[in-house]
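Numbered according to the numbering used here, the sequence shown terminates at residue 168, and the numbering increases by one at each position without gaps.
No residue lacks a Cβ here, since even glycine has one placed at the ideal position from N, Cα and C.
Please read these numbers as outputs of a predicted model, since none were measured by experiment.
Here's the structure we're looking at; comments come further down.
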Amino acid sequence: MHATRLVPAYVALGSNLDDPRTQVRRAIDALGTLPATRCVLRSSLYRSPPFGPVDQPEFVNAVAGLLTELEPAPMLAALKDLESRLGRARPAVRWGPRRIDLDLLVHGATRIDTEGLRLPHPGIAERAFVLVPLAEISPDLEVPGVGRVRTLLARVAAEGVERLVA
Numbered sequence: 003m004h005a006t007r008l009v010p011a012y013v014a015l016g017s018n019l020d021d022p023r024t025q026v027r028r029a030i031d032a033l034g035t036l037p038a039t040r041c042v043l044r045s046s047l048y049r050s051p052p053f054g055p056v057d058q059p060e061f062v063n064a065v066a067g068l069l070t071e072l073e074p075a076p077m078l079a080a081l082k083d084l085e086s087r088l089g090r091a092r093p094a095v096r097w098g099p100r101r102i103d104l105d106l107l108v109h110g111a112t113r114i115d116t117e118g119l120r121l122p123h124p125g126i127a128e129r130a131f132v133l134v135p136l137a138e139i140s141p142d143l144e145v146p147g148v149g150r151v152r153t154l155l156a157r158v159a160a161e162g163v164e165r166l167v168a
């Protein structure tokens with residue numbers, strides 16, 4: 003019998019187009035359809051101001067916790083494929099508006115820094131719209147080489163990140 007190794011992975015989700023709450027909920031549900039992957043944790047939805055220089059609507063964000071057999075590169079490829087299936091078009095402007103955005107934040111204890119994949123996700127320690135929902139579902143998570151989620155959250159200004167009522 004072959005034993006499988008399940009690795010915890012965390013994915014940030016965000017949308018600010020085409021009914022963002024619905025887009026994020028659909029994406030969370032779809033994470034469970036990824037190969038060799040189970041969605042085991044999901045945060046509440048949060049409203050947050052847009053990140054970056056582009057004038058655009060507020061975002062709805064969430065974080066999901068997964069258990070997966072996928073290695074980091076195939077996991078990222080599966081997330082990008084899922085974005086496409088959910089109707090994401092690449093924004094014309096960096097950090098521009100989008101129907102859905104899925105970012106692989108953490109994949110076990112993996113640390114990678116290549117052109118196509120960086121883990122943990124760069125900027126995780128400065129982004130309240132990621133840390134607030136991540137702290138809701140996994141406050142004691144140790145982000146490899148960065149620190150514990152609850153400690154990281156205590157260092158950022160979380161004003162403007164507001165939990166949405168169901």
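Excluding sequence positions up to five away, which residues of its chain have a Cβ less than 6 Å from the Cβ of residue i?
i, result
"Gly-89", "Arg-101"
"Gly-16", "Phe-61, Asn-63 and Asp-103"
"Met-3", "Interpretation of Met-3 is limited by its pLDDT of 47, a score under 50 that renders its predicted location unreliable; no figure is taken from the coordinates."
"Ala-130", "Val-158, Ala-160 and Val-163"
"Leu-33", "Cys-41 and Ala-66"
Apart from the five residues on each side of it in sequence, which residues of its chain come closer than 8 Å, Cβ to Cβ, to residue i?
i, result
"Arg-113", "Leu-121, Pro-122, Pro-146 and Gly-147"
"Gly-149", "Ala-127"
"Ile-30", "Leu-15, Cys-41, Arg-44, Ala-64 and Ala-66"
For the beta strand (DSSP E) that residue i lies in, which residues bound it at each end?
i, result
"Arg-49", "48 to 50"
Cβ atoms of residue j and residue i: under 8 Å apart, would you say?
i, j, result
"Glu-60", "Arg-44", "no"
"Leu-143", "Val-151", "yes"
"Ala-80", "Leu-36", "yes"
Can you tell me where the alpha helix (DSSP H) holding residue i begins and where it ends?
i, result
"Ala-80", "74 to 87"
"Ala-156", "151 to 156"
"Ala-32", "22 to 33"
Near residue i, which residues of its chain fall below 7 Å by C-beta distance, leaving aside the five closest residues on each side in sequence?
i, result
"Leu-8", "Leu-69, Thr-70 and Glu-71"
"Arg-165", "Ser-46 and Tyr-48"
So residue i and residue j are supposed to be a Cβ contact under 8 Å. How far apart are they, rounded?
i, j, result
"Asp-105", "Val-13", "7 Å"
"Val-134", "Leu-155", "7 Å"
"Leu-119", "Ala-91", "With 8 Å as the limit, Leu-119 and Ala-91 do not qualify as a contact, their Cβ atoms being about 22 Å apart."
"Pro-99", "Asn-18", "5 Å"
Quick check on residue i - is its C-beta less than 8 Å from some C-beta in chain C?
i, result
"Arg-7", "Within the model displayed, chain C is absent; a lone protein chain is all it includes."
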